[in-house]
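A.B. asks: Residue numbers (the numbering used here): 84 to 171. Built from N, CA and C at the ideal position, the CB exists for glycine as well.
Structure below.
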């Protein structure tokens with residue numbers, strides 16, 4: 084899923100080993116709305132979406148991350164919380 088020209092698009096997902104659906108969506112969202120982007124990143128397994136954090140911050144967006152203590156899956160929340168620019 085991506086955002087372009089103010090529209091939500093749902094193209095066919097390419098077949099690959101790792102699912103990066105959240106990362107793909109967030110990169111398209113930051114390109115579309117720039118500093119008006121607010122992301123709430125909840126627990127998840129893996130690091131999908133983690134690479135976009137710096138890009139969102141550089142564009143002036145806001146990222147709010149679930150506290151690692153309350154995450155069902157610690158891996159995602161812990162990876163995100165290691166970036167000191169995030170709001171918990």
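To which residues of the same chain is residue 115 closer than 6 angstroms at the C-beta, ignoring the five residues directly before and after it?
C.D. replies: For residue 115, where only same-chain residues beyond five positions count, the Cβ hits under 6 angstroms are 86.
A.B. asks: Would you say residue 146 and residue 122 are within 7 angstroms of each other, going by their C-beta atoms?
C.D. replies: Result yes, Cβ atoms of residue 146 and residue 122 sit closer than 7 angstroms.
A.B. asks: Candidates 107, 108 and 119: which alpha carbon is nearest residue 140's?
C.D. replies: Nearest option by C-alpha distance: 119.
A.B. asks: Can you grab the Cα-Cα spacing for the pair residue 144 / residue 124, in whole Å?
C.D. replies: Residue 144 and residue 124: Cα-Cα distance of roughly 13 angstroms.
A.B. asks: Please identify the residue among 92, 151, 90 and 138 whose C-alpha is closest to the C-alpha of residue 117.
C.D. replies: Residue 138 is the option with its Cα nearest to residue 117.
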